[in-house]
Structure formats: structure tokens, C-alpha cells
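>
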Amino acid sequence: MASPTIAANAYANLARMVESAGKGGATESGGPSFSALLKDAIGSVADAGRKSDAQAMSMASGKANVMDVVTAVAETDVAVSTLVSVRDRVIQSYEDIMRMPI
Numbered sequence: 013m014a015s016p017t018i019a020a021n022a023y024a025n026l027a028r029m030v031e032s033a034g035k036g037g038a039t040e041s042g043g044p045s046f047s048a049l050l051k052d053a054i055g056s057v058a059d060a061g062r063k064s065d066a067q068a069m070s071m072a073s074g075k076a077n078v079m080d081v082v083t084a085v086a087e088t089d090v091a092v093s094t095l096v097s098v099r100d101r102v103i104q105s106y107e108d109i110m111r112m113p114i
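The sequence shown runs contiguously to residue 114 in the numbering used here.
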């Protein structure tokens, strides 16, 4: 189960992504573009996975602490769960729009 610290880190990462997307991927209205937010979110999940894999390999070679590995795996789990939730919500929204009468 995710700890409050992991959840706080996930929210902080999301806030940083929104802030950086607002600076680099701004649209005409001044807000961040959806594609920039999505790209940053997917990159963040991929980075968390790479970090988790690196920690696991370090532990296998005897160079890492078990707690560091567990933390990295938990952060990756939270990131993937968040991404899946967003994906599900986007699909649900698309289906709602497609059901709207013209």
C-alpha cells in the first residue's frame, strides 16, 4: 500500500509537470497543451520505471538498500496507477461525447 510520503511525492511531481508544461508547451489561451502534459506524464512514468529497475539491479549486486528498492517500486506503482486512471477517464469522456445526441 502506498504511504502518504509516496502520494505526496506523486502530487508534487504532477505539480511540477503542470508547471513545466505551462512554460514550454503553452497554447494560444496561455494554458499548457494536453499533448505536452501527456508527454510529460508518460515520460515521468517511464523514468520511475527505469529508476525502479536500476534500484533492483543495484540490490541484486549488493550495492543498494532494500528500503530504497521498495520505495522506488512503490513510486512506480503509484505513477502507473495514476496513468491508468487518467487513461480510463479519457476513454470514458470520449465515450460520453460519442453518445451525445447531435
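Positions of the beta carbon are idealized from the N, C-alpha and C atoms, including for glycine.
1. Between which two residues does the alpha helix (DSSP H) holding Lys63 run?
2. Please confirm whether Ala84 and Gln67 have their CB atoms less than 9 Å apart.
3. Ignore the nearest five residues each way along the sequence and tell me which others in Ala60's own chain have a CB closer than 6 Å to its CB.
4. Using only the alpha-carbon positions, how far apart do Val102 and Arg62 sit?
5. Assuming the contact rule is C-beta atoms closer than 8 Å, Met71 and Val57 should be a hit. Round their C-beta distance to whole Å, please.
6. Since Ala91 is in the alpha helix (DSSP H), which residue starts that stretch and which ends it?
7. Report, in whole angstroms, the separation of the C-beta atoms of Ala53 and Leu95, which I expect to be a contact under 8 Å.
8. Could you tell me if the beta carbon of Ile109 falls within a distance shorter than 8 Å of some heavy atom in the ligand NAD?
9. What residue from Gly74, Asn25, Arg111 and Pro44 has the CA that sits closest to Gly55's CA?
If we stick to the structure as given:
1. Phe46 to Ala72 is the extent of the alpha helix (DSSP H) around Lys63.
2. In this structure, Gln67 lies closer than 9 Å to Ala84 by Cβ.
3. Hits under 6 Å: Glu87, Thr88 and Ala91.
4. Cα to Cα, the separation comes out at about 26 Å.
5. Not confirmed; about 21 Å, so no contact.
6. Start and end: Val78 to Arg111.
7. 6 Å between Cβ atoms; contact.
8. Of the ligands one can find in the structure shown there are none, so the ligand NAD has no counterpart to examine.
9. Check the Cα spacing between Gly55 and each of Gly74, Asn25, Arg111 and Pro44: the tightest is with Asn25.
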